[in-house]
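Chemist: Numbering (the working numbering), first residue to last: 1 to 317. The C-beta atom is built at its ideal place from N, Cα and C for all residues, glycine as well.
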């Protein structure tokens, strides 16, 4: 069953009208191509109007679409080869973060990303993409391995946040994320980070420090989700739309505030409408950046990365 959000209802209504006209045409054998063409034109105009003027909350909804491609989907579309690696060598293998050695366009890379799951059983298995400390420690282990063998690192960010459970805090959730921030800032190999869905709080930032940080067009990146922000400020989730606008969490807002390096286009209607096109856009950007960043020596990479993040949030009077 196809998921349709409230703001997409005008599109769904037009698609239903077109289907009904085609059914009548087939049944009566009367040529109704003029009506179909008129409705198709109106449909395309409606799509363009809706999808190019989405609010912050609507972008959040799009990032959560159940059919939206996840890390494993992009690995399958981007990589000629992929060998998954497991475990943090301390506690266990966190299924919310996956990673391994891959080949993209003949280029060997280390790919790491959040995986939410596609159905109820898989979402429970993946803990809804919310990693425990061992997930971030596994990610760091793979990053250090990539550095040792001089392989670029690509991370895919898609999480509602790090797992907030008591046991996660007892095992050092905050320390694990903070350690990743420190270590990623001084990695001596190119690091490319892409927000492919939700980018919430430290759970996203734990694998989000890179030479290049991108967002897909219909994603969000913020210190807190709109619902949580609304519950704190207004004691209710009812103001989530207002909170989403105030947080300035869309890709356009993030680029305007110089918090990311660019926006990767999606097909009209979202990445789930044509995952192949999204993957092609993503692949082109990754390979171009690896080629550019690989020309820089390790010290230059580290210094430029630190300088980039150090400038964020600085106010000049």
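Provide the residue span of the beta strand (DSSP E) that contains residue 193, from first to last.
Modeler: Segment 191-200, the beta strand (DSSP E) holding residue 193.
Chemist: Taking the alpha-carbon positions, what's the residue 198 to residue 158 distance?
Modeler: Each residue's alpha carbon lies about 5 Å from the other.
Chemist: Name, in chain order, the residues that DSSP records as bridge partners for residue 262.
Modeler: In DSSP, residue 262 forms a bridge with 214.
Chemist: Quick check on the DSSP output: the alpha helix (DSSP H) that includes residue 177 runs from which residue to which?
Modeler: Per DSSP, residue 177 belongs to the alpha helix (DSSP H) from 173-185.
Chemist: Is the Cβ-Cβ distance between residue 42 and residue 218 less than 7 Å?
Modeler: No, they are not a contact pair.
Chemist: Per DSSP, residue 82 forms a beta bridge with which residues?
Modeler: DSSP output for residue 82 lists 102 as bridge partner(s).
Chemist: Assign residue 88 to one of three DSSP states: helix, strand, or coil.
Modeler: Three-state result, residue 88: coil.
Chemist: Starting from residue 57, trace the alpha helix (DSSP H) both ways and give me its first and last residue.
Modeler: Segment 56-63, the alpha helix (DSSP H) holding residue 57.
Chemist: Could you tell me the boundaries of the alpha helix (DSSP H) in which residue 143 lies?
Modeler: Its alpha helix (DSSP H) spans residues 133-148.
Chemist: Tell me the DSSP bridge mates of residue 326?
Modeler: The structure shown does not extend to residue 326, since the chain spans only 1 to 317, so no value can be given for it.
Chemist: Whose C-alpha, out of 92, 19, 181 and 190, is nearest the C-alpha of residue 292?
Modeler: Selected option, being the one with the closest Cα: 190.
Chemist: Assuming residue 125 is part of the alpha helix (DSSP H), what are its boundary residues?
Modeler: From DSSP, the alpha helix (DSSP H) with residue 125 extends over 120-125.
Chemist: Could you tell me which residues DSSP pairs with residue 97 in its beta bridges?
Modeler: BP columns for residue 97 point to 114.
Chemist: If you drop the 5 nearest sequence neighbours on each side, which residues of the same chain put their C-beta closer than 6 Å to that of residue 278?
Modeler: Around residue 278: 266 and 271.
Chemist: Do residue 306 and residue 201 have their beta-carbon atoms positioned less than 7 Å apart in this structure?
Modeler: No, the Cβ-Cβ distance between residue 201 and residue 306 is not below 7 Å.
Chemist: The alpha helix (DSSP H) that contains residue 276, what's its start and end?
Modeler: Taken as a continuous stretch (DSSP letters only), the alpha helix (DSSP H) holding residue 276 covers 275-293.
Chemist: Does the structure place the segment 56-73 close enough to the segment 106-123 that three or more beta carbon pairs sit under 8 Å?
Modeler: At 8 Å Cβ cutoff, the stretches touch.
Chemist: Compare the C-alpha of residue 74 against each of 98, 62 and 146 and name the closest.
Modeler: Residue 98 is the option with its Cα nearest to residue 74.
Chemist: Per DSSP, residue 159 is paired with what?
Modeler: BP columns for residue 159 point to 199.
Chemist: Rounding to the nearest angstrom, what Cα-Cα distance links residue 228 and residue 237 in this structure?
Modeler: Straight-line Cα distance between these residues: approximately 7 Å.
Chemist: So residue 54 packs on residue 110, CB below 8 Å; how close in whole Å?
Modeler: Wrong, their Cβ atoms sit about 34 Å apart, outside the cutoff.
Chemist: Would residue 155 and residue 193 qualify as a contact pair, given that the criterion is a beta-carbon distance under 7 Å?
Modeler: It is a contact, given that the beta carbons lie within the stated cut-off.
Chemist: Expressed to the nearest angstrom, what Euclidean distance is found between the alpha-carbon atoms of residue 257 and residue 226?
Modeler: Their backbone Cα atoms lie some 19 Å apart in a straight line.
Chemist: What residue from 46, 282 and 213 has the CA that sits closest to residue 269's CA?
Modeler: Of the listed residues, the one whose Cα sits closest to residue 269 is 46.
Chemist: Report all residues from its chain with a CB closer than 8 Å to the CB of residue 10; omit the five preceding and five following residues, and keep chain order.
Modeler: Closer than 8 Å at Cβ, skipping near neighbours: 46 and 50.
Chemist: Provide the residue(s) that pair with residue 220 in DSSP beta bridges, ordered along the chain.
Modeler: Residue 220 is bridged to 198 and 250.
Chemist: Let me check one thing: in DSSP terms, what residues is residue 75 bridge-paired to?
Modeler: In DSSP, residue 75 forms no bridge with anything.
Chemist: Any idea what DSSP makes of residue 153, helix, strand or coil?
Modeler: Strand at residue 153.
Chemist: With a threshold of 6 Å (Cβ to nearest heavy atom), would residue 52 be considered close to the ligand ZN?
Modeler: Among the components of this structure there are no ligands whatsoever, and the ligand ZN is therefore not found.
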